[in-house]
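Inspection log for the structure reproduced underneath, given as structure tokens.
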Amino acid sequence: MSIAAKANALWEYANPKKFLATTERMLPFFWVASAICLVVGLVWGFFFTPDDYKQGSTVKIIYLHVPSALMAINCWLMMLATSLVWLVRRHHVSALAARAAAPIGIVMTLIALVTGAIWGQPMWGTWWEWDPRLTSFLILFLFYLGYMALWEAIEDPDTAADLTSVLCLVGSVFALLSRYAVNFWNQGLHQGASVMRAAAVTGTDTEEKVSNIFFYPLLMCIVGFVLLFIALVFYRTGTEIRARRIKALLARERVNA
Amino acid sequence: MIALLLRDLKLAFRAGGGFGLGLAFFLIVTVLVPFSVGPQSSLLATIAPGVLWLGALLACLLSLDRLLALDWEDGSLDLLATAPLPLESVVTIKALAHWITTGLPLVLAAPVLGVLLNLPGPGYFWLVVSLALGTPALSVIGTFGAALTVGLKRGGLLLSLLVLPLYVPTLIFGAEVARRGATGMETATPLLMLAGITAAAIALLPFASAAVLRVNLR
Amino acid sequence: MIALLLRDLKLAFRAGGGFGLGLAFFLIVTVLVPFSVGPQSSLLATIAPGVLWLGALLACLLSLDRLLALDWEDGSLDLLATAPLPLESVVTIKALAHWITTGLPLVLAAPVLGVLLNLPGPGYFWLVVSLALGTPALSVIGTFGAALTVGLKRGGLLLSLLVLPLYVPTLIFGAEVARRGATGMETATPLLMLAGITAAAIALLPFASAAVLRVNLR
Amino acid sequence: MMPDLGKYADTVLSAYAASLLLLVALVAFSIWRGRKVRADMEKVEQRVSRHG
Amino acid sequence: MTLTVTDLAITRGGVPVLEGLSFALEPGRALILRGPNGIGKTTLLRTLAGLQPPLAGRVEGAEDTIAYASHSDGLKPTLTVVENLQFWAAVFGAKSIQTALDAFALNDLADRHAGNLSAGQKRRLGLSRLLVTGRPMWMLDEPTVSLDRNAVTMFADAVRGHLGQGGSALIATHIDLGLDGEVLDVGPYKAKPKPIDDFDGGFL
Amino acid sequence: MTLTVTDLAITRGGVPVLEGLSFALEPGRALILRGPNGIGKTTLLRTLAGLQPPLAGRVEGAEDTIAYASHSDGLKPTLTVVENLQFWAAVFGAKSIQTALDAFALNDLADRHAGNLSAGQKRRLGLSRLLVTGRPMWMLDEPTVSLDRNAVTMFADAVRGHLGQGGSALIATHIDLGLDGEVLDVGPYKAKPKPIDDFDGGFL
Ligand code: HEM
Ligand SMILES: Nc1ncnc2c1ncn2[C@@H]1O[C@H](COP(=O)(O)OP(=O)(O)OP(=O)(O)O)[C@@H](O)[C@H]1O
Ligand SMILES: Nc1ncnc2c1ncn2[C@@H]1O[C@H](COP(=O)(O)OP(=O)(O)OP(=O)(O)O)[C@@H](O)[C@H]1O
Ligand SMILES: [Mg+2]
Ligand SMILES: [Mg+2]
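Chains as they are written, first to last, in this note's numbering: chain G, 1 to 257; chain U, 258 to 475; chain W, 476 to 693; chain L, 694 to 745; chain Z, 746 to 949; chain Y, 950 to 1153.
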């Protein structure tokens, strides 16, 4: 099957019915897989990893903190992508997927913030520090809030989809700007992203590396969070599709009443 | 009476009813403060009580323009005025609904935001107490302002102008309580004043609001 | 185009048009700050630039809900959309009118209020410059927010919730300029960033606003 | 077999508790709403297909 | 319960618009207000409903007996048709809203948000409110605006039913409702412009 | 300049309300839209005016030729009658507003604030706007709401004059305007409910 054909085949799933049918089939797998990964990763990390030499047992928080932080960011990216798809190809499902994802994203942001705050207490001696990364997460939280509020506020579903999509686009640009602004505004004590650096994995990186003992369980948790995210998005999108169908049926009933 | 209260609450919780928006505004303002005055936590700690009170006050303020103007625009205020309800109780109910949907959430959220501005430990209790005592006054006074400006299209900003000066005493004593609490000084006197103001406002202002409303309706 | 601008300005200056209200709000907020954070002049001096920027921003924000919603409610937006004006230019004009009636007065008034918060000497120049550069961005971004929420009755609070996060970069750089200016540090970098943001916003956002408006009109 | 968390025990545990609570709440809410909406849809579908 | 108006003068925006107006409205009767645009019908109705004080003259039997329906319907767009009606029913202490729903054929619109009804559907809902007030006197300001033909007949029937139960109605309208009530043209009562030289309390 | 509509289908709130609608509107002709409340007249006019996209079908000759008058008049209460008109004249590039003022007898209201006109006076001002647009096609949604008898005749004359100059008009109304234009009852074009079983992009 050629690439183009594959791509077209992909758009098939933009049909709500087909999307529902397919995801129904795939969901159980994702639920189970994510559960397994999360349990294994967390148990491994919590029970079978040593304490960090300077952070003590608090490193264990990383197994929740980092994955949630990553998902919080990636969830917004996914919403950005689906919003674009809606604006360009007018596939309702993708708009609804964006709507379904937002609450997940906000919860992930919340988890990152909370675990971070709790972690900050012993490490930095304060619950909250206006560190750039923390701050930019707070801003991300605000963007999620606004996005969801707009969805809630508008009655007509297509109008809501259009407006929120545009907001998501413009918002992304400003979120990026804010990230730089915040960096400029205050130099932080939060450690830089090293998980994603090969050096960290190979352990050749000297300073602020997450060494392998911590890394593999962490990787497990990240995978678990990703799977959980996918499962939730599929499930919630299904819900949104049904809610949308209810709206449509009622509207149809009205006008023919 | 009950019907009116229930309706207002229902409207607030419906889509576009704007419940929780005041809360979000409170949050955002608190976040913006460090951006504008700079991130030094010591500085933030000192201004925290005042900022939180000011934020709560503004959040209250912004939700006022919906309070009566919506009913005015769609004509239900005319109808309520001809209904067998005294206008005094109408405005009281509306103030109550406003407090439930705006003031109360602010009181509950304030401590969390205190963390952001690292408010010193003892401050939390007094912050909540002062807000719990002060916000009802804000709602009642705000209703009066809303009644004054109800005739004007989008009178939101004018409303703020009229109401803010009236808020000054509440703000002074409220913030004073919170600040003293945060620095561990005694808080009895301002607390008493605050309670007094609130009690008086609740007791007297509804009559003024109703009178003003009657004038605006003719 | 010109006709629209003139009309909006005329409306603003007429009774109830809300010219000067933003200014007054700015004034009151600045006056309230000492009440809430306490009168130590040293403290006030340090937070002065930030407070003034925040006050200006809020004053801008509160005048946004009139920006398009009035025209929406009385149906003139429908008529404008069917008139021989591209919607893009309509929103640009409206943003311009908003800046003239709100942003500009704030810029001019800021130094006076600076005195109230005894802003240090060198701060004045930079405060004015940063506001003059920043407020246009606030108007344009605000117009976008207004276009998003135009369909909603009294969407004022939601509007703020949507717009404030978008204001963050402008606020940070603007306040940074003012703060650095006040303490005599170099201000070139944030000033450039601020100018860049404003320019980009003016160049691009009107298209987004017009698109959103079209969606809302259908 | 509880690992000794040293002086940070409450920190770590509270972090885990809070996060897991949030996650469970999210999943629970999603499923609750999913069930509800699915039921509603079937109701409406039946009503509509009966008359109209 | 009769409404008696004697030598009434009313103002709008400080300007006298009608004066020397006297009439009585007995139970079971309908009175149709006619007059060109801007003569003061709306103002008159608002005055009788007690929303603004008369400039001169007396209005008797108007306290808590009047149900007023203005140009705007007082509907909440985010409440459903039923919720809107139930609220007014609760305020006026009526027990059931079913009759109101039936009278204006609102049953199949019952659980739609008032916000997305069409102009005429909104109007019907607004009028049905009158039936739950249980007030004997209806004051209606251009009630049939944007109603289609059979909605107008619905309305006429509702009014007849109300009159039948000893109620009365005062209706300002420009079109013919097919109601048999005497017509009161307020045109002749237009307030004479006062001589502007004597410069009394009214600044005229 | 003819407006030709072929096999048009329109939606409101995502639901088709009218479908299979075809007609042509030649210069000099008026077309009266009739239909019960909620059938979709307003929606149709908005679609033709280009405010919302059609669901299916074609609309030709509508670009920049249509002057639309909706339920609401787009008046600024704090501007005077003249200022309101002048603004629209400037937007549409018309030179004089005198004819418009004359046509609806607005001369003696000329410098009243639009905000304190009566319902019918407002309406007259709203309608006079059509004369300054200089657009050949008028789309009017219940134009005579709350107009008194001779205001209605004023309006009818204005329309006749417009038709006389080769303009055309599409008027949605429930009452009889005494205009001789053919009537289009949109009732029969009510959209048939789609089958709900296949559950495509439109969720129906
Ligand atoms: C309260 C708010 C906090 C937030 C919003 C936050 C946010 C983040 C984010 C976004 C990442 C990104 C992970 C990546 O990109 O690799 C991260 C990683 C991390 N955070 Fe936090 N953080 C917070 C507090 C803390 C605290 C207090 C500590 C401990 C001192 C901490 C330690 C870490 C570590 C060790 C990583 C992994 C860094 C790496 O990638 O190697 N964080 N955090
Ligand atoms: N807010 C106001 N301030 C001052 N004058 C007003 C105001 N509203 C209306 N008027 C004037 O008062 C007079 C009476 O207005 P009113 O609305 O009662 O007329 P009406 O008989 O209801 O007309 P219509 O049939 O058009 O509704 C009119 O001349 C009008 O111009
Ligand atoms: N905002 C909305 N959302 C969803 N449906 C709507 C909305 N507004 C109107 N409708 C429905 O769309 C249909 C068409 O409405 P429309 O206003 O076009 O009717 P109309 O012919 O103008 O009626 P009227 O003669 O009462 O003005 C009606 O069934 C109405 O209930
Ligand atoms: Mg009238
Ligand atoms: Mg209509």
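Ideal placement from N, C-alpha and C gives every residue a C-beta, glycine not left out.
Could you work out which residue in PRO644(W), LEU594(W), ALA607(W) is closest to GLN515(W) when comparing CA atoms only? Counting from 1 along the third sequence, the entry for residue 515(W) is found at position 40. Per the Cα distances, LEU594(W).
Do ALA316(U) and PHE282(U) have their C-beta atoms closer together than 8 Å? Taking the first residue of the second sequence as 1, we reach residue 316(U) at position 59. Taking the first residue of the second sequence as 1, we reach residue 282(U) at position 25. Yes, the Cβ-Cβ distance between ALA316(U) and PHE282(U) is below 8 Å.
So, with DSSP's three-state summary, where would you put GLY987(Y)? Stepping through the sixth sequence from its first residue, residue 987(Y) is reached at position 38. Three-state DSSP puts GLY987(Y) in coil, outside helix and strand.
Could you tell me the boundaries of the alpha helix (DSSP H) in which THR749(Z) lies? By one-based count along the fifth sequence, residue 749(Z) stands at place 4. Taken as a continuous stretch (DSSP letters only), THR749(Z) belongs to no alpha helix (DSSP H), being part of the beta strand (DSSP E) at 748-757.
Mind pulling the chain L residues with CB within less than 9 Å of ILE213(G)? Here residue 213(G) is taken as the residue at index 213 of the first sequence, counted from 1. Chain L residues near ILE213(G): none, gap ~14 Å exceeds 9 Å.
How should SER767(Z) be labelled, buried or exposed, when 16 other C-beta atoms within 10 angstroms of its C-beta is the threshold for buried? Mapped onto the fifth sequence, residue 767(Z) falls at position 22. SER767(Z) should be labelled exposed.
Shorter than 7 Å, the distance from the beta carbon of GLN797(Z) to the closest heavy atom of ligand 2, or not? Along the fifth sequence, one-based indexing puts residue 797(Z) at 52. Checking every heavy atom of ligand 2 against the Cβ of GLN797(Z), none is found closer than 7 Å.
Within the region 280-332 of chain U, note down every full alpha helix (DSSP H) run reaching 4 residues or more, in order along the chain. 298-319, 322-330
Simplified DSSP state of LYS628(W), which is helix, strand or coil: Here residue 628(W) refers to the residue found at position 153 when the third sequence is read from its first residue. Correct three-state label for LYS628(W): coil.
Out of PRO822(Z), PRO761(Z), LEU929(Z), which one is the CA nearest neighbour of THR788(Z)? Counting from one through the fifth sequence, the residue named residue 788(Z) turns up at place 43. Nearest of PRO822(Z), PRO761(Z), LEU929(Z) to THR788(Z), Cα basis: PRO761(Z).
What residue from LYS821(Z), PRO799(Z), ARG791(Z), ASP930(Z) has the CA that sits closest to MET884(Z)'s CA? As a working mapping, residue 884(Z) is identified with position 139 in the fifth sequence. That would be ARG791(Z), whose Cα lies nearest to the Cα of MET884(Z).
Could you round the C-beta distance between ALA531(W) and ALA585(W) to whole angstroms and report it? I think they count as a contact, below 8 Å. Residue numbering aside, residue 531(W) sits at position 56 when the third sequence is read from its first letter. Residue numbering aside, residue 585(W) sits at position 110 when the third sequence is read from its first letter. At roughly 7 Å, the Cβ-Cβ gap stays under 8 Å, so ALA531(W) and ALA585(W) are in contact.
DSSP state of VAL804(Z) mapped onto helix, strand, coil: Locating residue 804(Z) in the fifth sequence gives position 59, counting from the first residue. In the structure shown, VAL804(Z) sits in a strand (DSSP, three-state: E or B).
Closer than 5 Å between the C-beta and any heavy atom of ligand 5: which residues qualify, listed along the chain? ALA864(Z), THR991(Y)
Using 7 Å as the cut-off, classify the Cβ of HIS816(Z) as near or not near the heavy atoms of ligand 4, replying yes or no. Working through the fifth sequence from its first residue, we reach residue 816(Z) at position 71. Yes; taking the cut-off as 7 Å, the Cβ of HIS816(Z) has a heavy atom of ligand 4 nearer than that.
Along chain W, in chain order, which residues have C-beta atoms closer than 8 Å to that of GLN1001(Y)? Here residue 1001(Y) is taken as the residue at index 52 of the sixth sequence, counted from 1. LEU692, ARG693, listed in chain order.
Got a sec: does ligand 4 put a non-hydrogen atom nearer than 7 Å to the Cβ of ASP886(Z)? Reading the fifth sequence from its first residue, position 141 is the one you call residue 886(Z). ASP886(Z): yes, Cβ under 7 Å from ligand 4.
Classify SER873(Z) as buried or exposed, calling it buried when 16 or more other Cβ atoms lie within 10 Å of its own Cβ. Reading the fifth sequence from its first residue, position 128 is the one you call residue 873(Z). The residue in question, SER873(Z), is buried, as its Cβ has 16 or more Cβ neighbours within 10 Å.
At a threshold of 7 Å, does VAL804(Z) count as lining ligand 6 (C-beta to nearest heavy atom)? The ligand content of the structure shown is limited to ligand 1, ligand 2, ligand 3, ligand 4 and ligand 5, which means ligand 6 is not among them.
Starting from the beta carbon of SER178(G), find every residue of chain W whose beta carbon is closer than 7 Å, and list them in chain order. The residue labelled residue 178(G) in the question sits at position 178 within the first sequence. Simply VAL643, PRO644.
Using only alpha-carbon positions, find the residue among ILE1046(Y), LEU997(Y), SER1019(Y), GLY1110(Y) that is nearest to GLY1010(Y). The count along the sixth sequence starts at 1 and reaches residue 1010(Y) at position 61. Of the candidates ILE1046(Y), LEU997(Y), SER1019(Y), GLY1110(Y), the one whose C-alpha sits nearest the C-alpha of GLY1010(Y) is LEU997(Y).
Comparing alpha-carbon positions, which option in GLU887(Z), PRO798(Z), ILE755(Z), GLY773(Z) lies nearest SER817(Z)? The count along the fifth sequence starts at 1 and reaches residue 817(Z) at position 72. Per the Cα distances, GLU887(Z).
With 8 Å as the threshold, decide whether the Cβ of ILE111(G) is near any Cβ in chain L. If you number the first sequence from 1, residue 111(G) lands on position 111. ILE111(G) counts as touching chain L.
Step through the CB atoms of chain U and report whether any lies within less than 8 Å of the CB of LEU875(Z). By one-based count along the fifth sequence, residue 875(Z) stands at place 130. Judged by the 8 Å Cβ criterion, LEU875(Z) is not in contact with chain U.
8 Å is my cut-off, CB to CB: does ASP205(G) come that close to chain Z? On the first sequence, position 205 is the one that residue 205(G) refers to. Below a pLDDT of 50, predicted positions are generally treated as unreliable, and ASP205(G), at 44, falls in that range; no measurement from the model is reported.
The beta strand (DSSP E) enclosing SER1117(Y), as first and last residue numbers: The sequence position of residue 1117(Y) within the sixth sequence is 168, counting from 1. Taken as a continuous stretch (DSSP letters only), the beta strand (DSSP E) holding SER1117(Y) covers 1117-1121.
Quick one: is THR202(G) buried, meaning 16 or more other Cβ sit within 10 Å of its Cβ, or exposed? In the first sequence, the residue the question calls residue 202(G) occupies position 202. Note that THR202(G) scores a pLDDT of 43, beneath 50, so its modelled location is shaky and nothing firm can be said.
Taking a contact to mean a Cβ-Cβ separation below 8 Å, would you say ASP553(W) touches LEU1000(Y) in this structure? Sequence index remark: in the third sequence, residue 553(W) carries index 78 (1-based). Sequence index remark: in the sixth sequence, residue 1000(Y) carries index 51 (1-based). The answer is yes: Cβ separation under 8 Å.
Pull up the DSSP beta-bridge partners for ASP1134(Y), would you. Taking the sixth sequence and counting its residues from 1, one reaches residue 1134(Y) at position 185. Looking at the DSSP assignment, ASP1134(Y) forms a beta bridge with ARG983(Y).
How about THR505(W) and LEU588(W): do their beta carbons lie closer than 8 Å? Your numbering for residue 505(W) matches position 30 in the third sequence. Your numbering for residue 588(W) matches position 113 in the third sequence. In this structure, LEU588(W) lies closer than 8 Å to THR505(W) by Cβ.
Given a threshold of 16 other Cβ atoms within 10 Å of its Cβ, counted over all protein chains shown, does TRP124(G) qualify as buried or as exposed? To locate residue 124(G), count along the first sequence from 1; it is residue 124. Exposed, by the Cβ-count rule.
Which residues of chain Y have a Cβ atom closer than 8 Å to the Cβ of ALA864(Z), listed in chain order? In the fifth sequence, residue 864(Z) corresponds to position 119, counting from 1. Going along chain Y in sequence order, the residues near ALA864(Z) (Cβ under 8 Å) are ASN986, THR991, HIS1020, GLU1091.
Taking just the CA atoms, how far does ILE777(Z) sit from PRO1026(Y)? Here residue 1026(Y) refers to the residue found at position 77 of the sixth sequence. Here residue 777(Z) refers to the residue found at position 32 of the fifth sequence. Computed Cα separation, rounded: 30 Å.
Can you name the residues of chain U whose CB is closer than 7 Å to the CB of ASN186(G)? Taking the first residue of the first sequence as position 1, residue 186(G) is located at position 186. Going along chain U in sequence order, the residues near ASN186(G) (Cβ under 7 Å) are PRO296.
In terms of alpha-carbon separation, which member of VAL170(G), ASP156(G), ALA175(G), PRO67(G) lies closest to PHE137(G)? As a working mapping, residue 137(G) is identified with position 137 in the first sequence. Cα-wise, what sits closest to PHE137(G) is ALA175(G).
Can you tell me the Cα-Cα spacing of PRO1003(Y) and ALA958(Y), whole angstroms? By one-based count along the sixth sequence, residue 1003(Y) stands at place 54. By one-based count along the sixth sequence, residue 958(Y) stands at place 9. C-alpha separation (whole angstroms): 6 Å.
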